[in-house]
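Count along the sequence shown starting at 1, add 26, and that's the number in the working numbering.
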Amino acid sequence: MFTLYGIPNCDTVKKARAWLDGRGVAYAFHDYKKLGVDQASLRRWTSALGWETVLNRAGTTFRALSDADKADLDQDKAIALMLAQPSMIKRPIVEGDGVLAAGFKPDAWQTAGIG
């Protein structure tokens, strides 16, 4: 069983959910906006994938930060930013059955054993 982390109105998350549903893949959906995300999960994800992969620097939430908040980024600072603003987490994150992936890439998901 997988857990898909994201925001329900995100287009990429919608595509990922439709892709999983179309393949009959069982998953639980975890809404960052309603349920938040804990520091342990963010630390696990950033340790495995790199904070640069998990932190969504392309989104409007990150771009709206002050230059001081964007300066000198490292894993700890990135985790603090994502805890404060879950919208800064790459979407979706899928985890389970020995798999951890950030972003929706159907070919990579299939290769990893998702779907």
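Here a beta-carbon is modelled for each residue, glycine too, at the ideal position from N, C-alpha and C.
Using the three-state DSSP reduction, which class does F130 fall into: helix, strand or coil? coil
Bounding residues of the beta strand (DSSP E) (the contiguous stretch that carries G48): First-last for G48: 37 to 48, but that is the alpha helix (DSSP H), not the beta strand (DSSP E).
Going by DSSP, what residue range makes up the beta strand (DSSP E) through A54? 53 to 57
I need the DSSP call for L109, collapsed to helix, strand or coil. helix
Spatially closest choice to W77 from Y58, D98, A94, K59, by CA coordinates: D98
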